[in-house]
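First comes the structure, then the notes that go with it.
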Amino acid sequence: MCGILAYIGREPAAPLLVRLLKKLEYRGYDSAGIATVIDSAIHMAKDVGRVDEIASHLDLTSLRGFGGIAHTRWATHGGVTPENAHPHLSCDGRIAIVHNGIIDNYKKLREELENRNHSFRSGTDSEILAHLLEDNYDRAGNEITAVSKTVQKLSGSYAFVALFRQNPDVIAAARKDSPLMIGLGDGENFFASDVGAFIDRTDRAVFVDNREIALINTQGFKVTDFNGVSLRKLPTDVAREVSDVSREDFAHFTEKEIHEQSQTINRALIQTPEKILAVSKELAQAERIYLIASGTSYHAALLGKIYLAKFARRVVEVSLSSEFRDLEEFLDDHSVIVAISQSGETADILEAVGIARQRGARVVALINAEESSLSRTCDLSLSINCGPEIGVAATKSFTSQITLLNFLASQMAQKRRNQVELEALSKKVDNILAQDKVVRRVAHKFNAVSDLYFIGRGVHYPIALEGALKMKELSYIHAEGLSAGELKHGTLALVTENTPVVALNPEDATYEETLNSVSELKARGARVIGVSNRVSTLYDDFIQIPSVPNDLFPIIEVIPLQLLAYYAALERQADPDYPRNLAKSVTVK
Ligand code: AGP
419 MCGILAYIGR EPAAPLLVRL LKKLEYRGYD SAGIATVIDS AIHMAKDVGR VDEIASHLDL
479 TSLRGFGGIA HTRWATHGGV TPENAHPHLS CDGRIAIVHN GIIDNYKKLR EELENRNHSF
539 RSGTDSEILA HLLEDNYDRA GNEITAVSKT VQKLSGSYAF VALFRQNPDV IAAARKDSPL
599 MIGLGDGENF FASDVGAFID RTDRAVFVDN REIALINTQG FKVTDFNGVS LRKLPTDVAR
659 EVSDVSREDF AHFTEKEIHE QSQTINRALI QTPEKILAVS KELAQAERIY LIASGTSYHA
719 ALLGKIYLAK FARRVVEVSL SSEFRDLEEF LDDHSVIVAI SQSGETADIL EAVGIARQRG
779 ARVVALINAE ESSLSRTCDL SLSINCGPEI GVAATKSFTS QITLLNFLAS QMAQKRRNQV
839 ELEALSKKVD NILAQDKVVR RVAHKFNAVS DLYFIGRGVH YPIALEGALK MKELSYIHAE
899 GLSAGELKHG TLALVTENTP VVALNPEDAT YEETLNSVSE LKARGARVIG VSNRVSTLYD
959 DFIQIPSVPN DLFPIIEVIP LQLLAYYAAL ERQADPDYPR NLAKSVTVK
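Using my numbering, the letters of the sequence shown map in sequence onto residues 419 to 1007.
Right under this line is the structure:
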């Protein structure tokens, strides 16, 4: 998703904005740009490509001025072109804006503006903000009123920041449904989409909440509601671990985060007993429990359903955040929503939580980013504690989510899980990571592959789905995850000579039945990669995993699948950290 950044202070803005903009690259983007203001002039440069490339060929750091705004764009409306990159200017160049979100009514607004002789340079929805502000600024005479009049006309999701040629000493912003925060420095202040952008300069932050307008200058900040009425906002200290993010000696963040799992799995278990008790009670008292999530977090939710049934004897509903509306009518104050989200900024889940709260439901969140929008809109939250996850593909956050769900469900049961078993998992993860070369050899065989299948039963079915998602988003190979029991209901028709199938088949209650599925696949010429703690002559390739209690197999068997996707990406020269078209947190619907 797009990244927003603004700076006003005593240093030249452009060099600092270029450096800090790179901290937002992990969000995924296709173009970038900067605008600065000085001596009643706005200077702007933008293009398609990576920040470093644009900075060098457009000499971004030479833009003059001590106030500026910057942006990394993830295209939603309008193709990937230099004109569609942000910032966008008003007709006369007096105002520059950058925006994250989607203005739903931009077509109608653009028509009205064109009828008032505004001329547009781009095909984006965002550009209308510059022209609306231009109209309103003349009438309003000050930035807060200009922004207030502008947001009254908008529908959709947005966080935007605006620079004014006539007043280079302030930068204005507004927020509805897309994240925005203020960084408070010493004689300098920032706006950013996330704390990571300015954390190296300050750990004092103010969160701009929904339907708020903000202004920064070198001395401080001001926040109002959408009508311009001042609001009192207290700065908070934000976690500094975000600043120590580096690849260390790994080739990619994705590789590093896969390897961190031998520590992060244990960190998911570090929970205050009071919080675990409060969440357990909340769930125990609920008439109906709904687990909602997207993508990889949804696969964690599917496992959460199995664990809650197995340990807590609770049957729960699982829903994709984007499909949750269908369940809205059943929500009431006896319902509990468990929202699972690594970023805590996924637009679909924030909307689903908003619906739930309107219906009186309670919201429990499993999060990683503790300063996220989700963490501020839930009733209770548990942190998966896995530290910043930079790679777009979720890896360590997934194993932390399912570890915490397993822990929570077993804490809810009368017979408490032997925590030593969970803590011993870390050693088992090291065994798997030692299989690196075996996995890399298997990945090498996928080079000419166009379709891949992952099968599993019971607790292994969500892992089959997750293995397929990792393979798709990292290597761009089409992959499908399915329950092994479903093969005969259709997908077997696609299996021909050498079709590669990854079979998740540890020796548990599903072992024999899945081995039968493997035989059926072999009878049709498939090439089967077995992932198990028990070898079989049926497998063409075999990835050994250690034996663990049956319900804990998912936590470790997903790791070879993460490595498989990572190495398949390398084989195909894909960038594992920044897969094409994807973003780390999907802050638009
Ligand atoms: C997973 O590898 C993807 N990056 C994506 O599916 C992700 O899990 C999904 O967008 C949900 O993100 P969240 O956990 O931050 O809500």
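Backbone N, C-alpha and C define an ideal beta-carbon position, used for all residues, glycine too. Please read these numbers as outputs of a predicted model, since none were measured by experiment.
Integer-rounded CB distance, given that residue j should sit under 8 Å from residue i
i: GLY486; j: TYR425; result: 6 Å
i: HIS461; j: LEU481; result: 5 Å
i: VAL624; j: LEU602; result: 7 Å
i: ILE707; j: ALA770; result: Their Cβ separation, rounded to whole angstroms, is 14 Å, which puts ILE707 and ALA770 out of contact at 8 Å.
i: ASP444; j: ILE808; result: This sequence places Tyr at residue 444; Asp is not what is there. Indeed they touch by this definition, with Cβ atoms about 5 Å apart.
i: ARG512; j: ARG428; result: With 8 Å as the limit, ARG512 and ARG428 do not qualify as a contact, their Cβ atoms being about 24 Å apart.
i: ALA774; j: LEU749; result: 6 Å
i: LEU982; j: MET889; result: 7 Å
i: ASN628; j: SER566; result: Not confirmed; about 15 Å, so no contact.
i: ASP457; j: HIS670; result: Contact doesn't hold; Cβ gap of about 43 Å is too wide.
i: GLU921; j: ILE947; result: A quick correction: the sequence has Ala, not Glu, at residue 921. Contact flag correct, Cβ pair sits at about 7 Å.
i: LEU1000; j: GLU839; result: Actually they are not in contact, since the Cβ atoms of LEU1000 and GLU839 sit about 35 Å apart, beyond 8 Å.
The ligand AGP heavy atom lying under 7 Å from the CB of residue i
i: GLY713; result: yes
i: SER611; result: no
i: GLU700; result: no
i: PRO860; result: Correcting the residue identity first, residue 860 is Val in this sequence and not Pro. Result no, Cβ not under 7 Å from the ligand AGP.
i: VAL782; result: no
i: SER759; result: yes
i: LEU726; result: no
i: ALA812; result: yes
i: ILE767; result: yes
i: THR764; result: yes
i: LEU887; result: yes
i: VAL1004; result: yes
i: LEU891; result: Contrary to the premise, residue 891 reads as Glu rather than Leu in this sequence. Under cutoff, so the answer is yes.
Proximity to residue i [Cα-Cα], best of the options
i: THR490; options: ASP510, VAL469, THR499; result: VAL469
i: SER540; options: GLU561, THR714, GLU807, ALA493; result: ALA493
i: THR932; options: GLY943, TYR957, PHE538, LEU531; result: TYR957
i: ILE881; options: VAL838, ALA718, LEU726, VAL966; result: ALA718
i: SER790; options: GLU529, MET599, PRO430, ASN502; result: MET599
i: ALA431; options: VAL613, ILE589, PHE742; result: ILE589
i: VAL754; options: SER761, GLU735, GLU741; result: GLU735
i: ILE562; options: ALA580, GLY467, PRO653; result: ALA580
i: GLU884; options: LYS845, GLU904, VAL976, GLU841; result: VAL976
i: ALA632; options: GLN679, PHE578, PHE671; result: PHE578
i: ALA727; options: VAL877, THR568, ALA944; result: VAL877
i: ALA702; options: VAL733, ARG685, CYS796; result: VAL733
i: GLY903; options: ARG794, GLY467, GLU938, LYS693; result: GLU938
i: ALA610; options: ARG952, PHE742, ILE422, LEU434; result: ILE422
i: ALA1011; options: LEU507, ILE895, SER680, GLN570; result: The structure shown does not extend to residue 1011, since the chain is modelled only from 419 through 1007, so no value can be given for it.
i: GLN679; options: PHE872, GLU891, VAL919, LEU851; result: LEU851
Residue i, enclosing alpha helix (DSSP H) - first and last residue
i: GLU898; result: First-last for GLU898: 896-901, but that is the beta strand (DSSP E), not the alpha helix (DSSP H).
i: MET889; result: 879-893
i: ALA473; result: 469-475
i: THR620; result: Counting along the chain, THR620 falls outside any alpha helix (DSSP H), and DSSP gives it neither H nor E.
i: PHE742; result: Neither: PHE742 is in no alpha helix (DSSP H) and is coded neither H nor E.
i: LYS525; result: 524-533
i: PRO978; result: 971-989
i: ASP750; result: ASP750 -> no alpha helix (DSSP H), and no H or E assigned at all.
i: GLY447; result: As written in the sequence, residue 447 is Tyr, which differs from the Gly given in the question. No alpha helix (DSSP H) holds TYR447; DSSP gives it neither H nor E.
i: ASP556; result: 545-558
i: ALA827; result: 814-830
Terminal residues of the beta strand (DSSP E) in which residue i lies
i: GLU630; result: 630-634
i: ARG780; result: 780-785
i: ASN518; result: 513-521
i: TYR576; result: 574-582
i: ALA610; result: 607-610
i: ILE381; result: A query on residue 381 cannot be resolved here, the shown segment of the chain reaching from 419 to 1007 and no further.
i: SER950; result: 945-950
i: ARG428; result: ARG428 -> no beta strand (DSSP E), and no H or E assigned at all.
Chain B within 8 Å of residue i, Cβ atoms only
i: LEU551; result: Absent from the structure: chain B. Only one protein chain is present.
Residue i CB to nearest heavy atom of the ligand MG below 7 Å
i: PHE582; result: With respect to the ligand MG, the structure offers nothing, as its ligand set consists of the ligand AGP.
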